[in-house]
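Just so you know, we're using our numbering here: the sequence shown kicks off at 62 and counts up by one. Don't be surprised by glycine CBs; every beta carbon is placed ideally from N, CA and C.
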Amino acid sequence: MASAGIAQAVLLAAIALLVATGHHDIASLQWALIPLGIAQALMFGPVLQTVLSRTPQWAAGVSSGLFATVQQLGLTLGVALLGGLFWTLAGPEQEHLEHALVTVFWIHVVCALLFVALAHSLRAHRETAPTAA
């Protein structure tokens, strides 16, 4: 889970650098976008498994539904906030599209690194938690 987060951060940074240097045609970006999707899948699949493995069996349905709801809320707020920031930075005549895109990608890099830090803390907590007898 954490290694997928690191891969996502590296790929997002690579895309940001490609756009910043003017190499933002689809052929240049395609090599990073496909592995980026794979890294995302490798990040969020284990998150659901981790959440559900820590809930009592009687609450698995509620936990799964709550997880899906919070995930959708987070995705919606993320798109709204980062989309708003993107279009604000792009300007009314969209003269700063590349700058806006690079800024939003760097914010994504920070979020991916935050995910990695949380995954590591979760692993450390799991290793130090007492086991049931």
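Does residue i come out as helix, strand or coil in the three-state DSSP assignment?
i, result
"Arg184", "helix"
"Gly152", "coil"
Count the other CB atoms, across all protein chains shown, that sit within 10 Å of the CB of residue i; report buried if there are 16 or more and exposed otherwise.
i, result
"Thr69", "In the sequence as presented, Thr is not what sits at residue 69; that position holds Gln. It is buried - the Cβ of Gln69 has at least 16 other Cβ atoms within 10 Å."
"Ala141", "exposed"
"Ala178", "exposed"
"Val80", "buried"
"Leu138", "exposed"
"Leu97", "buried"
"Val123", "exposed"
Note the first and the last residue of the continuous alpha helix (DSSP H) segment covering residue i.
i, result
"Gly66", "63-81"
So residue i and residue j are supposed to be a Cβ contact under 8 angstroms. How far apart are they, rounded?
i, j, result
"Ala77", "Phe147", "That belief does not hold up - the Cβ atoms of Ala77 and Phe147 are roughly 13 angstroms apart, past 8 angstroms."
"Gly106", "Ala173", "With a Cβ gap of about 16 angstroms, Gly106 and Ala173 do not count as contacting."
I'd like the ranges of any alpha helix (DSSP H) spanning at least 4 consecutive residues and lying wholly in the stretch 90-174. 121-151
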